[in-house]
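Those sequence lines, one after another, are chains R and S.
Residues in the first sequence are numbered consecutively from 0, following numbering that gives the first Met the number 0.
Residues in the second sequence are numbered consecutively from 0, following numbering that gives the first Met the number 0.
No residue lacks a Cβ here, since even glycine has one placed at the ideal position from N, Cα and C.
This report refers to the structure that appears directly beneath it.
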Amino acid sequence: MNSAFHTTGGALKDAQTVLAVEQLTRESAKKNKQGKKIRQFWEKAGLYFLLCLGALTMVGPFMWMITTSLKEPSQVFSFSKNWWEEWIPTAFVWRNYLEPWKVVPFARFYLNSIFVAIMVTLAQVATSALAAYPFARLTFPGRDKIFFGYLATMMVPGAVTMIPVFILLRYLGWIDSYKALILPAAFTAYGTFMLRQFFLTLPKDLEDAAKIDGCNYLGIFWRIILPLSKPALATLTTFTFMGTWMNFMWPLIVLNTHEKFTLPVGLAYFQSLHHTDWTLLMAASMLMIIPILLVFIFNQRFFVEGIKLTGIKG
Amino acid sequence: MKNSTKEALAAYGFLMPNLLGFLIFTSIPVGASLFLSFVKWDLLSPPRFVGLTNFVELFQDPFFWKYCWNTVYLMAAIPLGMAGSLILALGMNQKLKGIVVFRTVYFLPTLCAGVAIYMLWRLIYNPEFGVLNSIIAKTGQILGVPLKGPYWLTDEAWAKPALIIMSVWQTVGGYNMILYLAALQGVPRDLYDAAEVDGANSWQKFWAVTWPQISPTTFFIAIMSVIGGFQAGFDPAYIMTGGGPNGSTTTIIYYIYNNAFEWHKMGEAAAIAWVLFVIVFLFTLMQWRFFGKQVYYS
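Next up, the structure:
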């Protein structure tokens, strides 16, 4: 009995101990979990804080651009005691956004840029896709040699070809024309290379099926290859358009007439005219950036995917 | 007609527009440029063959060496920007809400890169009423020490650092960051789990798992950036400093532009362009040799 009692008592005691230990472990686990949660919370908060700080550095200059573009010229040139007066315009001068259009043929610059960018993009994507198709999908004598020629010239800096191309255009009498802006940019080894790499990944089966159905090469290209390559085509389109929109050096070299200037050259010209009028200059700069923002918002999906896809660098 | 002949004809048909343009505007000009580098030509009088004179003169030209040094100096922006891009990508690789917003914001400067941005930075760097020196002065007031920002773009000592700062700002959240992010997302999860079982802390996990796993991306970015770096520096310098002060922001490409299109020395310009090509080519080769081996490919 005694021993039984003892045993029972012992068992009870043991059970109690077990319970207590269990509770303790449960509590400490809870505490641990809580601790982990708290730590994670602070880590995340810290990360957010740093990312926000970085974001502020990125956006700050643009904010300065926008606020400056809305100031009176006199406000730009004064250091004020209150920091907010340096940022927030005393009076919002929306007129600054109208002035560039009157002082220089800004609308003309805009149209020139849009025209040139669209033409270059259309031509480049079309000729690149046409050339990429046989490189990726067809066999013909000299294919690998020609392709190697394309690859080899991709290593040559643009500066090497820039000078003879300028001389050629001058010889043809094309300097100071849109042709000089569009034609040399219409054929790229890069676009051909990039699209070829993409075409190579497409499955062969559809092509074979189309062939059996009596589809010719143009039909295969148009009905099968192109529709399947929308992401790559969209990427090339976006990058070509933006690259052409921002291009400064080549238009600067080949254009002389103000009426033919594209926006970047027009803006540089505007700068030399308005050495001190920063409010107008910032308004004009904003006007140049806005279309790029629109293209980006519209094509954002392709943009990020495209960079991962191709490793394109600006 | 044989099927293979048909295929070849179709292929040439597809290729023709691009191949013609490629020959006229790329392939033949490369050859023509080599020829040009052996002549003196001002576009007015007929070209005069001078053999290697252009190259000999170039190597004796102290300006050329100075501009080479400027080009390399400005490439300090590459490692700085890459480190920044990697840190940003690590931050953005965490599960956070609103990360797309951050990604867009960081991408803005790259997106808008161009003349407008260089105008903006000219204003930011303005010593009298630019926002940067205003911030420096105000920080000084708060700390109680008189601080005065430098004459960024007109002081020879500060012009290059100014361009580097702007370049890092512009590129840090751009293409490289996205490439790093893609690489980070490709690192197998179980490698981290294994490292955790071995008791590795975050720092050790980074060095033992992440860094070797993303090394191909680092290698790729480094090579592409250096190739680009040798050919860079025209647009910002032309807009912001005009290559000055005292030639301190003139790069190789700027010198080519000046020779060809300001001074109409076509032969000399072509010679510099070829030297640039050789530099880029050798550098790419060297990087491939030295660093290619250390890269980990899974």
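Let's test the definition: count the other Cβ atoms within 10 Å of the Cβ of residue i and tell me whether it reaches 16, buried, or not, exposed.
i, result
"I141 (chain S)", "exposed"
"L87 (chain S)", "buried"
"H5 (chain R)", "For H5 (chain R), the predicted structure reports a pLDDT of 44, less than 50, and the residue's modelled location is therefore unreliable. The matter cannot be settled from this model."
"I37 (chain R)", "exposed"
"R47 (chain S)", "exposed"
"A10 (chain S)", "buried"
"D189 (chain S)", "exposed"
"I211 (chain R)", "exposed"
"T261 (chain R)", "buried"
"Q59 (chain S)", "exposed"
"Q22 (chain R)", "exposed"
"W40 (chain S)", "buried"
"V300 (chain S)", "Missing from the structure shown is residue 300 (chain S); chain S here goes from 0 to 297 and no further."
"Q123 (chain R)", "buried"
"G8 (chain R)", "Summary for G8 (chain R): the model assigns pLDDT 48, below 50, so the residue's position carries little reliability, and this model does not support an answer."
"E261 (chain S)", "exposed"
"K70 (chain R)", "buried"
"E42 (chain R)", "exposed"
"F269 (chain R)", "buried"
Work out the CA separation of residue j and residue i for me, nearest whole Å.
i, j, result
"S26 (chain S)", "S228 (chain R)", "28 Å"
"G143 (chain S)", "K137 (chain S)", "10 Å"
"G299 (chain S)", "P60 (chain R)", "The question about residue 299 (chain S) has no answer here: the residues shown for chain S are numbered 0 through 297."
"E98 (chain R)", "V114 (chain S)", "19 Å"
"F134 (chain R)", "F198 (chain R)", "9 Å"
"I201 (chain R)", "V119 (chain R)", "According to the sequence shown, residue 201 (chain R) is Leu rather than Ile. The straight-line gap from Cα to Cα measures roughly 27 Å."
"L33 (chain S)", "L168 (chain R)", "18 Å"
"C111 (chain S)", "T52 (chain S)", "42 Å"
"N132 (chain S)", "L122 (chain S)", "11 Å"
"M161 (chain R)", "K94 (chain S)", "47 Å"
"P215 (chain S)", "P187 (chain S)", "15 Å"
"S166 (chain S)", "P104 (chain R)", "31 Å"
"P61 (chain S)", "S127 (chain R)", "42 Å"
"V20 (chain R)", "Q33 (chain R)", "19 Å"
"V104 (chain S)", "G53 (chain R)", "9 Å"
"H257 (chain R)", "W244 (chain R)", "17 Å"
"S299 (chain S)", "G185 (chain S)", "Past the boundaries of the shown model lies residue 299 (chain S); chain S is included only from 0 to 297, so the question cannot be answered."
"L18 (chain R)", "I177 (chain S)", "53 Å"
"Y66 (chain S)", "C51 (chain R)", "38 Å"
"A231 (chain S)", "K5 (chain S)", "45 Å"
"D234 (chain S)", "L205 (chain R)", "47 Å"
"L121 (chain R)", "A185 (chain R)", "8 Å"
"V55 (chain S)", "Y170 (chain R)", "29 Å"
"I164 (chain S)", "M62 (chain R)", "18 Å"
"T209 (chain S)", "L183 (chain S)", "7 Å"
"L46 (chain R)", "S271 (chain R)", "44 Å"
"P183 (chain R)", "F24 (chain S)", "6 Å"
"A158 (chain R)", "M285 (chain S)", "22 Å"
"A31 (chain S)", "P163 (chain R)", "6 Å"
"T187 (chain R)", "V171 (chain S)", "28 Å"
Short of 7 Å in beta carbon distance, which residues of its chain neighbour residue i, apart from the five on each side in sequence? Order them along the chain.
i, result
"F259 (chain S)", "Residue identity differs from the one stated: residue 259 (chain S) is Ala in this sequence, not Phe. Excluding positions up to five away in sequence, the list reads M265 and A268."
"W168 (chain S)", "P108"
"A161 (chain S)", "Y124, W151 and L152"
"L254 (chain R)", "D175, F260 and V264"
"I278 (chain S)", "F229"
"F101 (chain S)", "M91"
"A116 (chain R)", "F240, T243 and W244"
Report all residues from its chain with a CB closer than 8 Å to the CB of residue i; omit the five preceding and five following residues, and keep chain order.
i, result
"F282 (chain S)", "V225, I226 and F229"
"W287 (chain S)", "I222"
"V81 (chain S)", "According to the sequence provided, residue 81 (chain S) is Met. The question's Val does not apply to it. N175, T217, I220, A221 and S224."
Does any C-beta atom of chain C lie closer than 8 Å to the C-beta of residue i?
i, result
"I255 (chain S)", "Within the model displayed, chain C is absent; protein chains R and S are what it includes."
Which same chain residues end up closer than 6 Å to residue i when comparing Cβ atoms and leaving out the 5 residues on each side of it in sequence?
i, result
"I135 (chain S)", "L146 and G148"
"G213 (chain R)", "none"
So who's on the other strand from residue i, going by DSSP bridges?
i, result
"V186 (chain S)", "Its beta-bridge partners do not exist; DSSP assigns none."
"K39 (chain S)", "S:R47"
Is the closest heavy atom of the ligand MG to the C-beta of residue i under 7 Å?
i, result
"S284 (chain R)", "In the structure shown, the ligand MG is absent, as is every other ligand, since no ligand is present at all."
message = To test your reading of the DSSP string, which unbroken alpha helix (DSSP H) runs of 4 or more residues are found completely within the segment 159–234 of chain R?
response = 177–181, 188–199, 204–211 and 216–219
ask   = What are the uninterrupted segments assigned as alpha helix (DSSP H) that are 4 or more residues long and contained completely in the segment 243–310 of chain R, given in chain order?
value = 248–253, 262–272 and 277–309
query = In the segment 120–153 of chain S, which residue ranges form an unbroken alpha helix (DSSP H) of at least 4 residues, counting only runs that do not cross its ends?
reply = 130–142
inquiry  = Ignoring anything shorter than 4 residues, give me the alpha helix (DSSP H) runs that lie fully in the segment 90–137 of chain R, in order along the chain.
reply    = 98–102 and 105–136
Within the segment 193–222 of chain S, ranges of the alpha helix (DSSP H) (whole runs, at least 4 residues) = 201–204
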